[in-house]
Each structure stands twice: as C-alpha cells, then as structure tokens.
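So the structure is just underneath, and the comments pick up after that.
Numbering (our numbering), first residue to last: 836 to 907.
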C-alpha cells in the first residue's frame, strides 16, 4: 500500500490482489509475512485489514487437486 499511495496519492485505486491459494499452497492464510500497522499477519488478513479484494489463482492447482475424486 505504501507504493500505491506514493504513486497514486491517497486516492489510489489499488484494491485487488491475485495470489495462488489452494489446499497445496495455503501460505496466503498460514504464513504471517505481511506487516500492517507494525504487526505481521497473513496475506489474507493483510488484505482484509487494508480493505482489499483477493482473487485466488491456481485454486485447483492446475487440476492436480481433482485427481482421485469420484465422478459425479
């Protein structure tokens, strides 16, 4: 957000972040590696605190997470 404010000022439009998130890659939820107001939190929590939207990419891990599922 610091860069968004620096480039676009207080009226910047940076509101969406896309990141990999699925059962094989849970780091956006489990890893507290983002600093918001002096506290390290997960990427998803940082987005929530900053009022941002999150779009998950690789949600089925290029189809690998569906292997072995019964047919419907």
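Think of the CB as a built atom: it goes at the ideal place given N, C-alpha and C, for glycine as much as any other residue.
Being a predicted model, the structure only gives us computed values, none of them experimental.
Rounded straight-line distance, which links the Cα of residue j to that of residue i
i           : j           : result
residue 866 : residue 905 : 32 Å
residue 889 : residue 882 : 7 Å
residue 871 : residue 884 : 8 Å
residue 846 : residue 840 : 8 Å
residue 876 : residue 836 : 15 Å
residue 891 : residue 855 : 6 Å
Contacts around residue i, its chain only, beta-carbon distance under 7 Å, and the 5 residues preceding and following it disregarded
i           : result
residue 887 : 850, 851 and 852
As assigned by DSSP and simplified to three states, the class of residue i
i           : result
residue 889 : strand
residue 875 : strand
residue 851 : strand
Beta-ladder partner(s) of residue i, from DSSP
i           : result
residue 846 : Answer is none; residue 846 lacks a bridge partner.
residue 897 : In DSSP, residue 897 forms no bridge with anything.
Beta-carbon contacts of residue i that lie in its chain and below 6 Å, excluding the five residues immediately before and after
i           : result
residue 878 : 863 and 869
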